[in-house]
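Chains A and B, in that order, give the protein sequences. Using our numbering, the letters of the first sequence map in sequence onto residues 5 to 288. Using our numbering, the letters of the second sequence map in sequence onto residues 65 to 401. Note that the Cβ used here is the ideal one computed from N, Cα and C, for glycine as well. Structure record follows, encoded as structure tokens.
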Amino acid sequence: MSTLVDRARALLEAGTVQVVIGFGAGSEPGRVRPVFVRKAEACDSLVADARHRPNLCTYLLKPEIRAMGRPAIVVGAAGLRTLLQLAVENQITDGAVHVLYLDADGAVCELPTLAAIEERAAMLPPDAVVSAPAPGATGAATSAASAGPVGIEQVDALPLDERWAFWQNELSRCIRCYACRAACPLCYCSRCIVDVNQPQWIPVAADAFGTLEWNVVRAMHLAGRCVECGSCADACPVGIRIDLLNRVLASEARSHFGAEPGRSLRREYALSTFRPDDTADFIR
Amino acid sequence: MILSSAGLATLFERLTAAGHRIVAPTRDGDRVDFAEVTSPQAVAFDAVQTVRSAKAVLFPPVEPMLRYRTAGHDVQDEAIAPDARPTMLFGARPCDARSIATLKAVFTWDSPDPYVEPRLAATTIVTIACTKADAYCFCTSVGGGPADPQGSDILLTPIADDRWAADVRTDKGRALVAAAPGAFEPAGGHGAAAARPIADVPARFGLAALQQRLPGLFEQDALWIEQSLRCLGCGACAFVCPTCTCFDIQDERGRDGGVRLRCWDSCGFGQFTLHASGHNPRTRQSERWRQRVLHKFAYQPERLGVLGCVGCGRCSRSCPVDMNLAEHVQMLAEATA
Chain A
5 MSTLVDRARA LLEAGTVQVV IGFGAGSEPG RVRPVFVRKA EACDSLVADA RHRPNLCTYL
65 LKPEIRAMGR PAIVVGAAGL RTLLQLAVEN QITDGAVHVL YLDADGAVCE LPTLAAIEER
125 AAMLPPDAVV SAPAPGATGA ATSAASAGPV GIEQVDALPL DERWAFWQNE LSRCIRCYAC
185 RAACPLCYCS RCIVDVNQPQ WIPVAADAFG TLEWNVVRAM HLAGRCVECG SCADACPVGI
245 RIDLLNRVLA SEARSHFGAE PGRSLRREYA LSTFRPDDTA DFIR
Chain B
65 MILSSAGLAT LFERLTAAGH RIVAPTRDGD RVDFAEVTSP QAVAFDAVQT VRSAKAVLFP
125 PVEPMLRYRT AGHDVQDEAI APDARPTMLF GARPCDARSI ATLKAVFTWD SPDPYVEPRL
185 AATTIVTIAC TKADAYCFCT SVGGGPADPQ GSDILLTPIA DDRWAADVRT DKGRALVAAA
245 PGAFEPAGGH GAAAARPIAD VPARFGLAAL QQRLPGLFEQ DALWIEQSLR CLGCGACAFV
305 CPTCTCFDIQ DERGRDGGVR LRCWDSCGFG QFTLHASGHN PRTRQSERWR QRVLHKFAYQ
365 PERLGVLGCV GCGRCSRSCP VDMNLAEHVQ MLAEATA
């Protein structure tokens, strides 16, 4: 069985790709960092574990990375779904990315086309991403969820006033650093709505109103698109479980519209698809 | 002098009764951060460092500056005074205390800042020397140290779990001792010799060599691009940093008036240098990263006579992609211009 390092080296040597985006050793044991390997002899630095965060697909759209040439990217289940969603949203074209997929057992498989990615993604169990734990330290060394509810079931089970108190307390720590936005591969707008400032549409202050508005806007803009990789919450320096907002919306989109973003190459936006046979009449 | 845990309880009690605010590291789950407390029981003594710095005590993330009302062509504005209650910042680390010099240099540079200045005057800093450090600490590379007294009004050095040697260094420190009679005891038989060993923080780079090389590195594009490839351009580093002071002024306006706010900003954001004309002098992340490094290690020392970094390591602990300031700066110190 050839290893990730062997595959990456072969791709670079053959000139199939010019850069391999993966994880390498970080500042301390257990911590990893994104690396951009451009020389075959440097492939030894790659860590063969794709469960780390942030979601590396974020880098595919960065101009500095694009300037390097055709990339290979090391992904797990979350990455496969991200790539399909990016393709559906016309952000990557067929063949533009060479995928090195690591399955749950660490076996590596090459997916050079979108069709190959779609075929492999179809084999993922329904909860492949949500249940995948990140090993040890993931992104930020200090990021950690606060005590209290840890899943949407627990938060949903709270009475309304306690749920509101939970979110007020969580969001009170938000410093508007936008690490969540930066670490999200599907937050790729070149000008985010919060940066539209003539006039300022979304309040930028890190106060009760501003943080609520930002976090709701961020979550809503990902409704029906989010693949639930968890990169946002992991990036949050103050440990806010903002992924819970996305997971709730994802489950709503699933139950009401059957939306499964990142499961196929079919373009089916829960929030912007029009069908003549829509059962609701407000749209006609 | 000596401060015992009983004395500490007295200190907290007296100050709270006198209407003082006490801000100290507290634990919430796995995260330790500064928060308002009223009793030493709430203080997390064992953490190497908090996630966020204590700068919000002096320079809050959102500062309401003035309120205004409009009626036709009439505008009436009303200044908003800062909340500058007497405050004890307790359990800060020597690097945190050291950062005050940078904040002071920025906010009193040409004219004293009417928001930060009164809070500086009302804040007394009680620091606890570090008996442990982690992989991200590099205070000794930037002129500080785990028992560095600079910036502290009182520096506490642990003698035992419930006793500290108290080095009362300033008038504010003495005023705090006087405000809580009985809290501090004379040293007597206990001396500094009994103090617990201070943390070992090996130097990562030579500051002199770095500062000599930096000006020549400005145009080394490839170097800055390589260092910042993984940087996502968020503001986490700037917002947890004790010395980052950039802000943006925003008007939140309703139909008949509004409020003017001063909000934290970060040079890592693409919009930070966007001009009204549409021109942006820093379009690439590498240019923003260069600005961050040079501002801290070249421009501020040159303009204000203070470094923009105290080596607390918060930026590197919080970075979602493990940008490591000490490592990057070490690379620069060793780079050939």
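Whether residue i touches residue j by CB criterion (8 Å)
i      : j      : result
I77/A  : V101/A : yes
F76/B  : P104/B : yes
S380/B : Y200/B : yes
L269/A : L88/A  : yes
A118/B : C181/A : no
V112/A : R11/A  : yes
R291/A : R271/A : Outside the modelled stretch of chain A, which goes from 5 to 288, sits residue 291/A, for which no answer is possible.
V79/A  : V41/A  : no
V96/B  : V115/B : yes
D320/B : R133/B : yes
A88/B  : V107/B : yes
G83/A  : A54/A  : yes
P33/A  : I25/A  : no
V51/A  : G28/A  : yes
G73/A  : V23/A  : yes
C194/B : I262/B : yes
P158/B : P222/B : no
Q113/B : C376/B : yes
V393/B : F361/B : yes
Contact set between residue i and chain B, taken where Cβ atoms lie within less than 8 Å
i      : result
A81/A  : In chain order: nothing, as chain B lies at least about 20 Å away.
P58/A  : L296, P384 and V385
Q95/A  : Residues of chain B passing the Cβ test: none, with the nearest at roughly 17 Å.
A186/A : L296, G297, C298 and P384
Cα-Cα separation between residue i and residue j, rounded to whole angstroms
i      : j      : result
L249/A : C230/A : 11 Å
Q158/A : G93/B  : 17 Å
L67/B  : W228/B : 5 Å
D141/B : L130/B : 7 Å
E264/A : A187/A : 21 Å
G99/A  : F170/A : 45 Å
A125/A : E93/A  : 17 Å
M65/B  : G252/B : 8 Å
A149/A : D160/A : Unreliable positioning characterises A149/A in this predicted model, as indicated by a pLDDT of 42, which lies under 50. The coordinate reading is nonetheless provided below. Distance between the alpha carbons of A149/A and D160/A is about 17 Å.
A254/A : A274/A : 10 Å
I179/A : C298/B : 11 Å
A136/A : R233/B : Unreliable positioning characterises A136/A in this predicted model, as indicated by a pLDDT of 49, which lies under 50. A coordinate reading is not provided.
C184/A : S276/A : 24 Å
L368/B : N59/A  : 40 Å
R346/B : F248/B : 53 Å
P266/B : F98/B  : 26 Å
A209/A : R277/B : 38 Å
G152/A : L358/B : With a pLDDT of 45 at G152/A, under the threshold of 50, the modelled position of that residue is not reliable, and the figure given next carries that caveat. Approximately 41 Å, taken between the alpha carbons.
A145/B : G155/A : 42 Å
Residue burial classification, residue i (beta-carbon count within 10 angstroms, cutoff 16)
i      : result
H56/A  : buried
W205/A : exposed
V139/B : exposed
N173/A : exposed
S163/B : buried
M152/B : buried
I218/B : buried
Q349/B : buried
M387/B : buried
Q202/A : exposed
W218/A : buried
C47/A  : buried
D160/B : buried
R3/A   : Since the displayed chain A opens at 5 and closes at 288, residue 3/A lies outside it and no answer follows.
Contacts of residue i in chain A (Cβ-Cβ under 7 Å)
i      : result
R162/B : Residues of chain A passing the Cβ test: none, with the nearest at roughly 20 Å.
G299/B : C181 and Y182
Under 9 Å from the C-beta of residue i: neighbouring residues of chain B
i      : result
E68/A  : I289, S292, L293, R348, Q349 and S350
D165/A : By Cβ distance, chain B contributes nothing, its closest Cβ being about 21 Å from D165/A, past 9 Å.
A227/A : Near A227/A there are no residues of chain B at all, since even the closest Cβ is about 22 Å away, more than 9 Å.
T277/A : Chain B residues near T277/A: none, gap ~31 Å exceeds 9 Å.
Chain A contact residues for residue i, given Cβ-Cβ distances below 9 Å
i      : result
V304/B : T146, I179, C181, P241 and V242
Beta-carbon neighbours of residue i, restricted to chain A and to distances below 8 Å
i      : result
G342/B : The contacting residues do not exist; G342/B stays about 11 Å from chain A at best.
V126/B : A209, A210, D211 and G214
Cβ-heavy atom distance, residue i to the ligand ADP, below 7 Å
i      : result
C178/A : Looking at this structure, you won't find the ligand ADP or any other ligand, since it has none at all.
Legend entry - Any beta strand (DSSP E) of 3 or more consecutive residues that is wholly inside the region 29-83 of chain A: 36-41 and 75-79
Inset, instruction - Any chance you could list the alpha helix (DSSP H) runs of at least 4 consecutive residues sitting entirely within the region 259-296 of chain B, in chain order? - result: 271-281 and 285-292
Inset, instruction - Mind listing, in chain order, the continuous alpha helix (DSSP H) runs of no fewer than 4 residues lying wholly within the region 353-387 of chain B? - result: Runs of the alpha helix (DSSP H) lying entirely within the region 353-387 of chain B, each at least 4 residues long, are 364-368 and 378-382 in chain order.
Legend entry - Entirely enclosed beta strand (DSSP E) segments - the region 142-203 of chain B, minimum 3 residues: 151-156 and 187-192
Inset, instruction - Jot down the residue ranges of each uninterrupted alpha helix (DSSP H) in the region 209-251 of chain A, minimum 4 residues, whole runs only, in chain order. - result: 212-225 and 235-239
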